[in-house]
Amino acid sequence: MPTDAAGLGRRRAAAFVAPALLLIAGFLVLPALWTVYLGATDYRLTGLAAAEPEFTGLDNVRRALDEDSFTHSLGLTLQFVVGSAVLGQAVLGFAIAWLLRGRRGVLRRLVEALVLLAWILPGSVVAFLWIALLDRNDGTLNGLLGTPGTAWLVEHPMASIIVFNIWRGTAFSMMLYAAALGTVSPTQLETARLAGASGWQQLRDVVFPAIRGHVLTNLLLISLWTFNDFTPFLLTGGGPSDETEIMPVFIYKTALFNGELGYGAALSVLMLLVNLVIALVYVRLLRQRARPAKAAERGAER
Amino acid sequence: MTPARAVRVVVRYTFVCAVLGFFTLPLLWLAFAPFDRDPSIAASLPQFTLHNFRELLDNEQALRSLRNSLVLAAGTGGIVVTLAAAAAYALSRVRLPGRDGLLYALLLLSSIVTGTAAMVPLFNLAYELDLIDSQLGVILVLSGGLLPSAIFILKDFTDTTPRSYEESARVFGASPLQIVAHIVVPLIRPGLATIAVWSVAQVWGNFLIPFLLLRSPEKSPAAVVMYTFYTEGGQPDLALISTFSLLYSLPVVVMFLFVSSRYGFRFHGGIKH
Amino acid sequence: MAAIELAALSKVYPGGVTALDAVDLTIADGEFFALLGPSGCGKTTLLRTIAGLEEATGGAVRIGGDDVTALPPGRRDVAMVFQDYALFPHMSVSDNIAYPLRIKKVAGAERRAKAAETAGALGLGGLLERRPGQLSGGQQQRVALARAMAYRPRAFLLDEPLSNLDARMRLEARTFLKRLQRELRVTCVFVTHDQAEALALADRIAVLDDGRVRQIGTPAEVFRRPANTFVASFIGSTPMNLLDGVVTGDGRVGVGGVPLPAGEHGLPDGERVTFAVRPEYLGYGTEPVPGALPGRVTVVENLGSAQLVTLDGDAGSVQVVVDEDVPVPLGATGYAAPRPERVLLYRRDGELAAPEAPHAGA
Numbered sequence: 104m105p106t107d108a109a110g111l112g113r114r115r116a117a118a119f120v121a122p123a124l125l126l127i128a129g130f131l132v133l134p135a136l137w138t139v140y141l142g143a144t145d146y147r148l149t150g151l152a153a154a155e156p157e158f159t160g161l162d163n164v165r166r167a168l169d170e171d172s173f174t175h176s177l178g179l180t181l182q183f184v185v186g187s188a189v190l191g192q193a194v195l196g197f198a199i200a201w202l203l204r205g206r207r208g209v210l211r212r213l214v215e216a217l218v219l220l221a222w223i224l225p226g227s228v229v230a231f232l233w234i235a236l237l238d239r240n241d242g243t244l245n246g247l248l249g250t251p252g253t254a255w256l257v258e259h260p261m262a263s264i265i266v267f268n269i270w271r272g273t274a275f276s277m278m279l280y281a282a283a284l285g286t287v288s289p290t291q292l293e294t295a296r297l298a299g300a301s302g303w304q305q306l307r308d309v310v311f312p313a314i315r316g317h318v319l320t321n322l323l324l325i326s327l328w329t330f331n332d333f334t335p336f337l338l339t340g341g342g343p344s345d346e347t348e349i350m351p352v353f354i355y356k357t358a359l360f361n362g363e364l365g366y367g368a369a370l371s372v373l374m375l376l377v378n379l380v381i382a383l384v385y386v387r388l389l390r391q392r393a394r395p396a397k398a399a400e401r402g403a404e405r
Numbered sequence: 291m292t293p294a295r296a297v298r299v300v301v302r303y304t305f306v307c308a309v310l311g312f313f314t315l316p317l318l319w320l321a322f323a324p325f326d327r328d329p330s331i332a333a334s335l336p337q338f339t340l341h342n343f344r345e346l347l348d349n350e351q352a353l354r355s356l357r358n359s360l361v362l363a364a365g366t367g368g369i370v371v372t373l374a375a376a377a378a379y380a381l382s383r384v385r386l387p388g389r390d391g392l393l394y395a396l397l398l399l400s401s402i403v404t405g406t407a408a409m410v411p412l413f414n415l416a417y418e419l420d421l422i423d424s425q426l427g428v429i430l431v432l433s434g435g436l437l438p439s440a441i442f443i444l445k446d447f448t449d450t451t452p453r454s455y456e457e458s459a460r461v462f463g464a465s466p467l468q469i470v471a472h473i474v475v476p477l478i479r480p481g482l483a484t485i486a487v488w489s490v491a492q493v494w495g496n497f498l499i500p501f502l503l504l505r506s507p508e509k510s511p512a513a514v515v516m517y518t519f520y521t522e523g524g525q526p527d528l529a530l531i532s533t534f535s536l537l538y539s540l541p542v543v544v545m546f547l548f549v550s551s552r553y554g555f556r557f558h559g560g561i562k563h
Numbered sequence: 002m003a004a005i006e007l008a009a010l011s012k013v014y015p016g017g018v019t020a021l022d023a024v025d026l027t028i029a030d031g032e033f034f035a036l037l038g039p040s041g042c043g044k045t046t047l048l049r050t051i052a053g054l055e056e057a058t059g060g061a062v063r064i065g066g067d068d069v070t071a072l073p074p075g076r077r078d079v080a081m082v083f084q085d086y087a088l089f090p091h092m093s094v095s096d097n098i099a100y101p102l103r104i105k106k107v108a109g110a111e112r113r114a115k116a117a118e119t120a121g122a123l124g125l126g127g128l129l130e131r132r133p134g135q136l137s138g139g140q141q142q143r144v145a146l147a148r149a150m151a152y153r154p155r156a157f158l159l160d161e162p163l164s165n166l167d168a169r170m171r172l173e174a175r176t177f178l179k180r181l182q183r184e185l186r187v188t189c190v191f192v193t194h195d196q197a198e199a200l201a202l203a204d205r206i207a208v209l210d211d212g213r214v215r216q217i218g219t220p221a222e223v224f225r226r227p228a229n230t231f232v233a234s235f236i237g238s239t240p241m242n243l244l245d246g247v248v249t250g251d252g253r254v255g256v257g258g259v260p261l262p263a264g265e266h267g268l269p270d271g272e273r274v275t276f277a278v279r280p281e282y283l284g285y286g287t288e289p290v291p292g293a294l295p296g297r298v299t300v301v302e303n304l305g306s307a308q309l310v311t312l313d314g315d316a317g318s319v320q321v322v323v324d325e326d327v328p329v330p331l332g333a334t335g336y337a338a339p340r341p342e343r344v345l346l347y348r349r350d351g352e353l354a355a356p357e358a359p360h361a362g363a
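Following this line, the structure appears as structure tokens:
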């Protein structure tokens, strides 16, 4: 006799879970494992190696570490992640959340709506808006700054995609920090104020200690997302030449444009590894926070 | 007001204005160009017309791409909501062996195996399964990627709904499937709506997967087709692009407004009674 | 309607925690029966095992003579009212009450008629189209009861039926519940941690502790002659005085050096016992009299129509209920004289020394 709330029983429960797991196994786990396998071959899209790929072990990884184009791409990716996510989105998101905390009314709703709009619009649309904004001849930015003829995407390509990504992704940090600030105990803030703490001291002594977990969560998630973001491709296509060839674009060009599937897969494996490290830290954090809740759940199940 | 305080207030409002400007500027073109008789790349107050929209409604290619987006979004949304709900409910209520480990493995997987990191094998997989240039292939790949997070969120949601509702129905003699249909689905409806909106929005904006897997323009969604709107002279067709962008953006904005007005940003937590 | 029998019913959780330890219990047809105990004593598990929501690991549950131990909850023909009422928030009051009938495939019109009739009987007539969220706590409870009634089960199981109500509503609901049970004459088992609630409502009470039944009896029996010190300290709105004593002969028991009369007990001289007497059954005086415990007044608590006075003396702390108009100054010396016929003696193992009540029914 099943003793769960709905009387489902283990067999039926397994049947409920199975279809989802099958789909995940087929289209998420399998590709991941396949990447690892392909990364160890000289598989190509066309030609001899397409029919009979040969096992080459760690050759691809060695090649990547030796090749300038890989280290170059890695450097750009680092700039992109640190510049647009860790410094840009997180700091701007926190600043907006902090300044708007405890406020109601038109100004707050307006700011939030605009920041959110940048986040929810489809990537293709957003990319085109920025192409238009930064256009060499008639772009709105050149019109505003009085710098006609400045081709921002050519002259400052990395800066352009970094600012673009700040614009695109700040909403998440803003919302997360707004929620986090809501959990800071008002009585603690008042105690600090009564003790004569300045705004900065309140931030340092009361707010940051209270939202440390949220800050870490936020940094991990936005780093992960930014690291895997393909949208800059729509702005610059990786160019001019290879100046904005961040890792996802580099892999796309290597694997699917040049047809070096094996080498591209090896690069993907390196990317998966970076993702794994970030995700492991994040899941550990989640688990730590979920522990009291889990205990309560276990109690309820009895 | 002390001078120091006055300076702080000025600094604060200057900052807020700068933020407003920064986030508004790129959007201006989307707001103005679609209504302009002769849209240029610069954002400027339009000479008002709805002519561009009439043109758009006659553009079979553009409309078809929107229909394709709809097919992909609805297909993926349907699969994700149905399968995630079934899995999340069973995982929430039944102590299956290895459940907790499985959940965290799922969460880990979905954050690690992104479309960008797995594009090579995804392409190969679709090739082997003869799913290149098939919308079903895109739907399956997208569903596989969205399911883990959807299961995780929905399980969280289900965990917060009291079990006594189901137990009560059970004492009255309802079968497990009756309980799911009569009690569970209505109770977790806000969660289901959230996941539906979330997955539809994810698919609607996704460029990479259809770009990788679809070949023929007749099957491609709006995200991809947008980049083929050029005039005969090889210049981007600004009237078409701007109008199309607006129409293409509208559904996600509407959905977002719907969810946030109905359930708030934090969708977690059951119905309070 | 049916009697419920539990035979050596046990429940051991997979982790090895014993929630029910061979519980034997017979609840008569039409009886209003309370399962009383502190939290974690197994009372809710017992109720859920009767309902079939928990699987027994040993023993049997019989309802109306049928062994239902292996039956799923839906086939035991009992109704359960949950602590949070479990009214389905997405259904109207009418749909909620009719839900069990919907499961039994009763036609829609008949269902609605039955729901309206039951709701009317419970004074919910005007609320049929409301959602549970729009009702007060007391109304929600009545809807939950109506839902259970509409189904005409053989027994009602109520989990902490009054605990979700505020203090004033609780008294009202208590009277309502008792009247309802009397009218329906349906077997009714309820769980509570509140001894006053159990005393007020039940025909009989089973006091549970640590998965075992410590005493079964009518409210009067459980209140007057608690079978052991656990029940003695659990029952009663003011805690029973439990004092260390030694049997001194001629029926007396020495407590803190003072010989006190203790009625018939048949214990040998020199036996160590616990001398128990309720604060209500001690006489208070300011002059020393034989058979009274002296002590200094350290606390005076106003109970409204009376006051609870704590005396600290050689016997330890003794609490006495004193009439409201007797002045009791703090720090004064007072004397507490137990009424011999209300004194209970417990052996060292905590069990009552003379379980055969010499003044039963008094």
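These protein sequences, in sequence, are chains A, B and C.
The first sequence begins at 104 in this note's numbering and counts up by one.
The second sequence begins at 291 in this note's numbering and counts up by one.
The third sequence begins at 2 in this note's numbering and counts up by one.
Ideal Cβ placement from N, Cα and C applies to all residues, glycine included.
For clarity, every value in this text was computed on a predicted model and none was experimentally measured.
Using beta carbons (cut-off 8 angstroms, strictly below), is B/Phe555 in contact with chain A?
Numbered from 1 along the second sequence, position 265 holds the residue referred to as residue 555 of chain B. Because B/Phe555 sits at a pLDDT of 49, beneath the cut-off of 50, its placement in the model cannot be relied upon, and the following sentence gives the value as read from the coordinates. Yes, B/Phe555 counts as interfacial toward chain A.
Where do the N-terminal and C-terminal ends of the beta strand (DSSP E) with C/Tyr285 fall, by residue?
Translated into the one-based positions of the third sequence, residue 285 of chain C becomes position 284. Per DSSP, C/Tyr285 belongs to the beta strand (DSSP E) from 283 to 286.
Quick one, which of B/Val309, B/Ala296, B/Tyr303 has its alpha-carbon nearest A/Thr273's?
Position 170 of the first sequence, counting from 1, holds the residue named residue 273 of chain A. The candidate whose alpha carbon is nearest that of A/Thr273 is B/Val309.
Cα separation between C/Gly59 and C/Gly16?
For the purposes of this step, residue 59 of chain C is taken as the residue at position 58 of the third sequence. For the purposes of this step, residue 16 of chain C is taken as the residue at position 15 of the third sequence. When only Cα atoms are considered, C/Gly59 and C/Gly16 end up about 16 angstroms apart.
Name, going along the chain, the residues of the region 110 to 122 of chain A whose beta-carbon falls closer than 7 angstroms to a beta-carbon of chain B.
Under the 7 angstroms Cβ criterion, the region 110 to 122 of chain A contributes Gly110, Leu111, Arg113, Arg115, Ala116, Ala117, Phe119, Val120, Pro122.
Start and end residues, beta strand (DSSP E) containing C/Ser11:
Residue mapping note: residue 11 of chain C aligns to position 10 of the third sequence, counting from 1. In the DSSP assignment, C/Ser11 falls within the beta strand (DSSP E) that extends over 5 to 13.
Going by other Cβ atoms of all chains shown within 10 Å of its Cβ, with 16 needed for buried, is C/Ala108 buried or exposed?
Counted from its first residue, the third sequence places residue 108 of chain C at position 107. So C/Ala108 ends up on the exposed side.
Would you mind sorting A/Val352 into buried or exposed? The rule is 16 or more other CB atoms within 10 Å of its CB.
Start at 1 with the first residue of the first sequence, and residue 352 of chain A comes out as number 249. That one is buried.
CB contact check: C/His194 to chain B, cutoff 8 angstroms
Along the third sequence, read from residue 1 onward, the residue named residue 194 of chain C stands at position 193. No - not a single Cβ of chain B is within 8 angstroms of the one on C/His194.
Using the beta-carbon of each residue, which ones in chain C are nearer than 7 angstroms to B/Pro476?
The sequence position of residue 476 of chain B within the second sequence is 186, counting from 1. Near B/Pro476 (Cβ distances below 7 angstroms), the residues of chain C are His91.
Unbroken alpha helix (DSSP H) run spanning B/Pro316, endpoints:
Numbered from 1 along the second sequence, position 26 holds the residue referred to as residue 316 of chain B. Boundaries of the alpha helix (DSSP H) around B/Pro316: 293 to 322.
Proximal residues to B/Leu399 (C-beta, below 8 angstroms), its chain only, five neighbours per side dropped
Working through the second sequence from its first residue, we reach residue 399 of chain B at position 109. Excluding residues within five positions, the ones whose Cβ falls inside 8 angstroms are Pro438.
Taking 8 angstroms as the cut-off, decide whether the C-beta atoms of B/Val514 and B/Pro526 are in contact.
Indexing the second sequence from 1 puts residue 514 of chain B at position 224. Indexing the second sequence from 1 puts residue 526 of chain B at position 236. For B/Val514 and B/Pro526, no; Cβs fall outside 8 angstroms.
Short check: CB of C/Gln320 to CB of C/Thr334, under 8 angstroms?
Here residue 320 of chain C is taken as the residue at index 319 of the third sequence, counted from 1. Here residue 334 of chain C is taken as the residue at index 333 of the third sequence, counted from 1. No, the pair does not count as a contact, with Cβ atoms beyond the cut-off.
Can you check whether the C-beta of B/Thr314 is within less than 8 angstroms of a C-beta belonging to chain A?
As a first step, residue 314 of chain B must be located in the second sequence, where it is residue number 24. Under the 8 angstroms criterion on CB atoms, B/Thr314 is classed as interfacial with respect to chain A.
List the residues of chain B that C/Gly1 touches, going by C-beta distances under 7 angstroms, in chain order.
Shown here, chain C extends from 2 to 363; a query on residue 1 of chain C therefore has no answer.
Tell me the rounded alpha-carbon separation between C/Leu268 and C/Pro339.
As a first step, residue 268 of chain C is located in the third sequence; it is residue number 267 there, counting from the start. As a first step, residue 339 of chain C is located in the third sequence; it is residue number 338 there, counting from the start. Rounded to the nearest angstrom, the two C-alpha atoms are 19 angstroms apart.
Whole angstroms are fine: how far does the CA of B/Ile473 sit from the CA of B/Phe555?
On the second sequence, position 265 is the one that residue 555 of chain B refers to. On the second sequence, position 183 is the one that residue 473 of chain B refers to. Note that B/Phe555 scores a pLDDT of 49, beneath 50, so its modelled location is shaky; the value from the coordinates is reported in the next line. Their Cα atoms are separated by approximately 25 angstroms.
Identify every residue that forms a DSSP beta bridge with B/Tyr379.
Working through the second sequence from its first residue, we reach residue 379 of chain B at position 89. Beta-bridge pairing links B/Tyr379 to no other residue.
What are the residues of the region 355 to 377 of chain A that lie near chain B, defined by any Cβ-Cβ distance shorter than 7 angstroms?
Of all residues in the region 355 to 377 of chain A, Tyr355, Ala358, Leu359, Leu364, Gly367, Ala368, Ser371, Met374, Leu375 have a Cβ within less than 7 angstroms of some Cβ in chain B.
For the alpha helix (DSSP H) that C/Phe157 lies in, which residues bound it at each end?
The residue given as residue 157 of chain C occupies position 156 in the third sequence. Run containing C/Phe157: none in the alpha helix (DSSP H); it sits in the beta strand (DSSP E), 156 to 160.
Per-residue DSSP class, three states only, for C/Phe191:
Along the third sequence, read from residue 1 onward, the residue named residue 191 of chain C stands at position 190. The answer is strand: DSSP assigns C/Phe191 an E or B state.
Would you say A/Ile127 lies against chain D (beta-carbon separation less than 8 angstroms)?
No chain D is present in this structure, whose protein chains are A, B and C.
Comparing C-alpha positions only, which one of A/Phe336, A/Met374, A/Arg307 sits nearest to A/Lys356?
As a first step, residue 356 of chain A must be located in the first sequence, where it is residue number 253. Shortest Cα-Cα distance from A/Lys356 to any of A/Phe336, A/Met374, A/Arg307 involves A/Phe336.
With 16 as the cutoff for other CB atoms within 10 Å, does C/Val278 come out buried or exposed?
On the third sequence, residue 278 of chain C is found 277 positions in, with the first residue counted as 1. The residue in question, C/Val278, is buried, as its Cβ has 16 or more Cβ neighbours within 10 Å.
Identify, in the order they occur along the chain, each residue of the same chain with its Cβ nearer than 8 angstroms to the Cβ of B/Ser334, setting aside the five sequence neighbours on each side.
As a working note, residue 334 of chain B is residue 44 in the second sequence. The residues Phe322, Asp326, in chain order, have a CB closer than 8 angstroms to that of B/Ser334 in the same chain once the five nearest residues on each side in sequence are set aside.
If you follow the beta strand (DSSP E) that C/Gln97 is part of, which residue opens it and which one closes it?
As a working note, residue 97 of chain C is residue 96 in the third sequence. For clarity, residue 97 of chain C is Asn in the given sequence; the question names Gln instead. No beta strand (DSSP E) contains C/Asn97, which is instead part of the alpha helix (DSSP H) from 94 to 104.
Alpha carbon to alpha carbon, how far is C/Ala61 from C/Ala207? Give it in angstroms, no decimals.
Position 206 of the third sequence, counted from the start, is the residue given in the question as residue 207 of chain C. Position 60 of the third sequence, counted from the start, is the residue given in the question as residue 61 of chain C. A direct Cα-to-Cα measurement between C/Ala207 and C/Ala61 gives close to 18 angstroms.
Can you tell me whether DSSP reads C/Met81 as helix, strand or coil?
Translated into the one-based positions of the third sequence, residue 81 of chain C becomes position 80. Three-state result, C/Met81: strand.
Quick one, are the C-beta atoms of C/Gln216 and C/Asn165 less than 8 angstroms apart?
One-based indexing of the third sequence puts residue 216 of chain C at position 215. One-based indexing of the third sequence puts residue 165 of chain C at position 164. The beta carbons of C/Gln216 and C/Asn165 sit no closer together than 8 angstroms.
Am I right that B/Ala491 and B/Leu356 are in contact with their C-beta atoms under 8 angstroms? What's the rounded C-beta distance?
The count along the second sequence starts at 1 and reaches residue 491 of chain B at position 201. The count along the second sequence starts at 1 and reaches residue 356 of chain B at position 66. About 15 angstroms separates the two Cβ atoms, so there is no contact after all.
If you reduce the DSSP assignment to three classes, tell me which class A/Leu268 lands in.
In the first sequence, counting from the first residue as 1, residue 268 of chain A sits at position 165. With the sequence shown as reference, residue 268 of chain A is identified as Asn, and Leu is not the correct amino acid for it. The three-state secondary structure of A/Asn268, taken from DSSP, is helix.
What does a CB cutoff of less than 6 angstroms around C/Val94 pick up in its chain, not counting 5 residues either side in sequence?
Locating residue 94 of chain C in the third sequence gives position 93, where the first residue counts as 1. Short of 6 angstroms from the beta carbon of C/Val94, and not among the five residues preceding or following it, lie these beta carbons of its own chain, in chain order: Leu128, Leu129, Arg131, Val144.
Starting from the beta carbon of B/Ala464, find every residue of chain C whose beta carbon is closer than 7 angstroms, and list them in chain order.
As a first step, residue 464 of chain B is located in the second sequence; it is residue number 174 there, counting from the start. Per Cβ cutoff of 7 angstroms: Gly75, Ile104.
With distances taken from CA atoms, which of C/Thr46, C/Ala337, C/Ala9 is nearest C/Val190?
Taking the first residue of the third sequence as 1, we reach residue 190 of chain C at position 189. That would be C/Thr46, whose Cα lies nearest to the Cα of C/Val190.
Mind checking the region 437 to 466 of chain B against chain C and listing, in chain order, the residues whose C-beta falls within less than 8 angstroms of any C-beta there?
Along the region 437 to 466 of chain B, going in chain order, the ones with a CB nearer than 8 angstroms to a CB of chain C are Pro452, Ser454, Tyr455, Glu457, Ser458, Ala459, Arg460, Val461, Phe462, Gly463, Ala464, Ser465.
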